[in-house]
Structure formats: C-alpha cells, structure tokens
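Written below as structure tokens is the structure these notes are about.
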C-alpha cells in the first residue's frame, strides 16, 4: 500500500504533487441513511485529525451539499458512496464481512472510506487514523499523538481482506480490583459502576483493534450489563456483538440477576422458573447483534446444580439446549440454525461433552485453555467439519486454583501464538475471546491477540512474533526507544516464564495456603536466587534508564505499558527471594539474615509506592483505582513475615562453599568457563580476619584476604574461584589444595580440574549433571508428514522443539523405531545403575481427544521407553506444571561405562514441546532454573 502526503494548512490542504495546489478541505461527510457507527466514526475521525493537526474538520451528513475535497464515509453499496466512486468495486469484495475500501472519488475530488458493513467502515476509518499516528491506545494508555502538518493518504485504491476470525473480542472479568472501582469512583461516578460511559470507551478500543465482540463484566461487584439501559444502547450504537461468558446462558448475568426469590438454579426441580428467566432476556434482546451462550452451569463458575452423575448432566444439557433454541426461534422469528450460538466447553463441561452429549451442528463449539494459556484440546477430524465451526476462549488473566494471576500481565506472547496458531490451523476460527481482566495492564496481550484474530496470515511463522512486538513499541515510542523497549519486554516475558510474579510465594489458593520457601537455591548452581535477582535488577535498571531518557509526553504511557509491570515483577521477586534468603541464612546462623529481611521489607514498601504512583500521579490521576497491588489480598501480596529467627549454632565465624561440601570446591572442567563461590560470614557480633593461602598455580580467586566486622556492618563476604586455563596441564585431572584461614582456624580445601579430550560443543557430565537444551540435537530425523520444529523465545532454555503433524494424527507405538527422532550425545564420567534421566517439556495438552502427549525415550541401545506428559483435570501434577510452566518425566538409566552415550527421543504424538534434558548421575538436588548446557566451548 503506497502513500503520499497530504498537506495540512490552516485547514486540510492537498499537496500539489497529488492534487491541485491551494485546494482546501475542512469537512467529513457520512451517509445520512447509514448507521449510528458511521456517525461515531466520522466524529472520532475529526477528533483524531484535531489531535494530529490542531485543526478539527467539520462533520456533516450526506444530505448536505458536499464541498470539494471532503472525506466521505459510508457503506460501499450505499447510494451516497456509489455515486462518488471512480472505479468498479468487485462483487467478491462486497460479499466480504467487515472489510473496507479506501480510494479516491471521480476526479480525485474526495477521499472515500467505505465498508462492506458498519464495522468494516469503522475499521477503515480507524486504520486511516492509525496510519497517521493515532494509536488504538491513545486513550486507554495515554499514547500521545505526534503533531504534524501532513496526513498520509493512500495513493492507490486499497481493499482490505476479510478478518481471519469472524467474532473477535474480550471478556471483562475479575474486575473487582481495577476496572470496577476505577469506573465507580474515578471515571463514571455518576453511575457508580461500569456503565455506558465506560463501555463507550471500551467499544471504541475494540473497534480500533478491529475487534467486534464483548463478554461484559459479571462479577458481584458489578451490576449486570442489562441493568443499565445505556449499556445496551451503547453496544447497539457501536455495533458491538454482545455475548456472555461460559457461565451465563442466554445473555443472563446469574450473579446479579438470579435472586434468592427465584429458588434453585436447577433445571430439574425449577425448570419453569429458569425458562422464564432466560426467555425474558431473549425477548428483550431479540433485535440486537448477539451470540447466545447455550447450555447451563451453576450460578457462577461452578458445575450444574441438581444432577448426580456425568450421564445425567449430559442428558439434561441436551434438553436445556433444545429448549433454549426453541426460545430463540420463537423470539427471533428464524431457524435456530441462522442464529449465532456458542457452547463453551469450560472446566467440567468438556467432560459432559466428551461423555457423548449431542450438540446441534450449527452451534459453535468453543474450546478453552486450562486458564493458564494451554488449550485443553481442539477438534478431531469430525469436529473440525461442524457447520457451526469452532472457537477458543483464552486467558491473559485468571482468578482461581492453583493461583490467581490478576496483577501483572506476563503470559509469553510466543505461547499465545503457539496455542492460537495451532487452533487456527485446526479450524477453530469462528470465535476468539480473550479474558483480559481489567484490560490494564494486559494492553499488549490484547493487541497481539486481536491482531492475530484479524489477520492470521501475518503470523504464519514464529519469527513474526518479535516483528510484531518491535513494531508495537516503535509505533508508540519511536524507532530508537521502541527497539530498546521491545528488548526489555522480551526479557520480562522470559523471566516470568519460570515463575509469574503472582506465583513467587509458592502458595496456592482454593484453598489458600501461606507463603512458602521458593525452590530456588542460594546454596548451589551459582546461587540461583542471586542469579534471578541480578537478572531482574538489570531489567529494572534498564527500564529506569529508559524512563529517565523519554520525552515528558511519553512517560505516562511508558509507565503503564512497560515500567509498572517490569518494576512490579522485579520488586515482587526481590521481596520473596530476599525473604527466602533470610529464612535459609537464619538457619545457618548468619547475622546477614537481618539484612535480607530488610531488603524484602524495602521491596514491599516500593511496590506500595509504585502502585500509588500509578493510581494517583501519572496522567494526573486519570487511572486512580485501576491498579491494585494485592488483588484478592492473597498471601503472596502481603507484607513479608519471617518465621525463622537467626539460630545461635556456635559463636564462631563460618563459611559455606557452593554445593555444600565443606572441604572441596566443585570440580572445574576444561572447555566450560565457570566460577564457584565461597561465603564467609559472622554468626555473632565480632571482628575477624580471613586469608586464602597456597593456591594451586592455575586457581584464581577474586580476593585473597579480608576482614569481617559487625561494627562496620561488614558481616559477610562472597569470593569467587575460577581457573587460569593457560596454566592447566594436559593431564586428565589436575588437582590441588589450598589453605583457608578464618581467625584462628585453618581449613584445607581441595580442588581439581578435569580435562575431557573432546571436540568443542560436546555435552559432558559436570559435577553429577549433564544438561542439554532440546533445541540442540546432534541429529534430527523427520518425514514428510511428521516433523520437529524449533520455536524460539519459549521455555526455560529459551527455545523448544515441537512435534508437528500435518495430518493431526498420532504415530503408532509399535513402529516407534522408525518414527521421526532427535538424537543427543553425552559424555559421562560416572558409572552407576541409579542415574536419573529427566525430560522436560512445556505443559501443553493433547491436541485432540484421540491423542496423548507421548514420546519414546531410548538410552544407548536399551529398549525404548514411552513417557506421557499428559495430565488430567486439576490434578496435583497439572497444578505444579502450570505454576512452573514446565512438565517433567524421570527415567532410571544404567551407565555401564564412562564416555560417550546417546539419548534418542522418538515422536508419537504431536504437540509435545520439548524444553531441556538433564542426566543426574549422583542423585543431586536439581536446579529450579535452567542453568545452561554443560557444553564445551
């Protein structure tokens, strides 16, 4: 699409290069016989142009005399637009839904924006605004509009494509701590709730994102959508398709509208009352653009009442749906097959559906994720051919077990792409709904999801994800800042992959448990806690630096879109990890435990201050009430408490060597750069000197002597040991001892370097562990229909390798030796019968009902063993998996000899996304994080 520049003088003036010089326009015309959305779009376009040029065009209806060189808005087949067109519009284009044309009228006198329907027209208008620098987030994230004197217009006619997904929208949910109190107290106090004024802003945002559907807010804190008559009128004005959540059949809000006086919400014992309740809404909404949720659950997010078995519930659901369809036919005056309906197989409903209940073919089958961004399953060949099609209900925010994530939006865009791209390929493209919580701070997730839903062809490969994220931030913050900001957002998502900020308390909910020690170890693997703190502190430094450099008009937007989520995540990690260190160091008697306690407390205070800044300072208090630092007041958000006091083990200074061996450093290995630490600390108020003596010639230490003093508040010190490789001999093992003097005590500490004679890039066993990123096999075997695909920016290791099938079928286990495979070579130094081989994967679910998540695993020439990553329901394994974003399976293997061994993984089911592999030869504690491959360099 080519553009030239249209000059804006005092009014709008076309540049001489494209039009006659000196011709001015100051008006926008929309079809007098068009829809309310034509009027809204025209007036919003005038406001947008004012933001750009400081000059506001006048807006007229088409029944007024049209001045020369106006902008014309209307439906493509309207008389108003048809008489102005300079070219024939293809009939195929006019049959497209929600599409738009941009072009010039006869004699290039006017610029035309015309849609195949009302929403198509609006999309064309808002795309024109976006082209000229008005972000869809100009209001919802206070993105400023760059002032300029020229507008960009298409030099050639442009015909948009039809959207990839027919119904694209959001679910406003769990609004109790953000959207609802903000609307009630700050934005819409005249209503005291999420009302017409708030919905108007939400609907405008949806249209600017080329979305079209809303599932309204429905928690007890919010009145039902139909409670305020203005809400429905606003949806009709903006031509937004009205739907309702999985728990709200027939556009009813049970939480607010089903009262005690109506009795039990039970179709067996209270059928007539329930029918009347539904029919009242169907009659009331007979003329609106809607998708009717059919079926029945409990009053809120719970199972159907009054049934005692799965079979009874499935049979009753068939009756419920048949009765609901009769209501729709009665009040809409057409066959149910012509009325949009959705059946969402959420939670227990999937079990009822799989039990064999008969669902009419024309009803859209809406698949769901497991609330943690992993789609539970998609349609098999028969389900993919349903006339009603299929869709997906997906979460970017969630309240529930095993733990909420309502505070910060940190779901990795690559995971969203992988799951939704898979859904699209499997014909789930009728309805896409994203649970966005309060909208903020899920802005980017919402943009990304809607852009995919609108045009999935632009997201045909995982490489397009980074391109999209880069462009999003460049559009808002400019090329230089945008590239830098996109990079730190990438780091933010990667760090949150290991553990979302909301999950850092290692607590759960439903039932709610208290904060527990994390699984990060400060005593091994280079101090996992400090590594994670360093990564977040680096990220926090980067966002602080960018915030300081940004122009003043971009700071509010940056704070909302980037700064608050990153700083909040960093501070939550500081709070919980420093608490963790304090607890663990207290058990060693370290005086420094008190320092870590204080760091944890400081982080808590900083979260409070940061949130106060969000609510009361940025954008002059516009968002007051939108951000809560403790949604649902769960334990992870509380002020830190410390259950372990410093233990008085003995009144002597002490030290700790990484790994826990008091007399030996972990082994060094040639070809792997490493350093290991020693902590020297006081256990009582005192002063003591320490010194390292008689180091082997090849052993380096960061500091050879020092002094600890409680008076000077220097109560611990960490020193690092490394190797000068130029002084290491070619012997297989270089070993030596050194003396560590601490006060009057002397300790002899052993150290050694092991020298494998191996090519660079070899995976070796190192101190009892060999670690491989699954993305780096030594050999890959594929077939035409079954193959492995690498997806970057996913998983602990930074990339996964995904089992793919063009036919969406599994391979037969009996032929496993001939299946596509991945081979990995490892060199070991241990001989043992009790080694453990751990295979990890992203915790996806089977792609269809007929599949599982199996792979075959072979150690050397031993028999192939089949493992299955599949979990069921809300099992303990599933809970652990989604909190970690990791599934793992462990096998026992015999290592009969030192030297080279082979691990071979065979494909069985598609959808297995392998992350990393660990061989544990010494029954060591395992790292929580991915600490890198044990690969020589």
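Residue numbers (this note's numbering): 1 to 937.
We treat Cβ as the ideally placed atom computed from N, Cα and C, and that holds for glycine.
- Residue 52 is positioned such that its CB atom lies no closer than 8 Å to that of residue 113.
- Counted as a single uninterrupted DSSP element, the beta strand (DSSP E) harbouring residue 435 occupies residues 431-437.
- DSSP assignment within the segment 431-496 yields the following whole beta strand (DSSP E) runs of 3 residues or more, N-terminal first: 431-437.
- Per DSSP, residue 321 is not a residue of any beta strand (DSSP E); the alpha helix (DSSP H) it occupies stretches across 310-332.
- Taking the Cα positions, residue 480 is about 35 Å away from residue 26.
- Residue 278 has no beta-bridge partner at all, per DSSP.
- The C-alpha of residue 829 is placed about 26 Å away from the C-alpha of residue 821.
- If you look at residue 390, you'll find it isn't in any alpha helix (DSSP H); it sits in the beta strand (DSSP E) that goes 390-395.
- Closest by C-alpha distance to residue 455, out of 873, 167, 38, 304, is 167.
- Contact annotation: residue 560 and residue 727 have beta-carbon atoms that are not nearer than 8 Å.
- The Cβ atoms of residue 843 and residue 780 do not sit closer than 8 Å to each other.
- Following the DSSP letters along the chain, one finds residue 719 inside the beta strand (DSSP E) bounded by residues 716-723.
- For residue 192, no alpha helix (DSSP H) encloses it, and the DSSP letter there is neither H nor E.
- Taking C-beta separations shorter than 6 Å and ignoring five residues to either side along the sequence, the partners of residue 508 in its chain run 402, 403, following chain order.
- Distance between residue 426 and residue 156, taken at the CA atoms: about 36 Å.
- Counting along the chain, the unbroken beta strand (DSSP E) around residue 750 starts and ends at 745-754.
- Residue 901 has 826 as its beta-bridge partners, per DSSP.
- In this structure, DSSP gives residue 757 a state outside helix and strand, which the three-state scheme calls coil.
- For residue 50, the enclosing alpha helix (DSSP H) starts and ends at 36-53.
- Rounded to the nearest whole angstrom, the C-alpha separation of residue 792 and residue 800 is 7 Å.
- In the structure shown, residue 154 falls within a strand segment according to DSSP collapsed to helix, strand and coil.
- Contact between residue 293 and residue 344 holds: their C-beta atoms lie close to 7 Å from each other, under 8 Å.
- Around residue 268, the same chain offers 306, 307, 316 as residues with beta carbons nearer than 8 Å, after the five sequence neighbours per side are excluded.
- Per DSSP, the unbroken alpha helix (DSSP H) holding residue 579 starts and ends at 564-587.
- DSSP lists 342 as the beta-bridge partner residues of residue 364.
- Judged by their CB atoms, residue 213 and residue 433 are nearer to each other than the 8 Å cut-off.
- Beta-bridge partners of residue 935 (DSSP): 763.
- Rounded to whole angstroms, residue 658 and residue 310 show a C-alpha spacing of 54 Å.
- DSSP lists 800 as the beta-bridge partner residues of residue 791.
- Looking at 407, 917, 603, the one whose alpha-carbon comes closest to that of residue 398 is 407.
- Measuring C-alpha to C-alpha distances from residue 710 to each of 730, 118, 682 identifies 682 as the nearest.
- Residue 908 holds the alpha-carbon nearest to the alpha-carbon of residue 847 among 908, 838, 488.
- Cβ neighbours of residue 86 within its own chain (closer than 8 Å, five residues either side excluded): 103, 104, 105, 106, 107, 108.
- Counting along the chain, the unbroken beta strand (DSSP E) around residue 61 starts and ends at 58-61.
- In the structure shown, residue 627 falls within a coil segment according to DSSP collapsed to helix, strand and coil.
- Looking at the DSSP output, residue 833 shares a beta bridge with no other residue.
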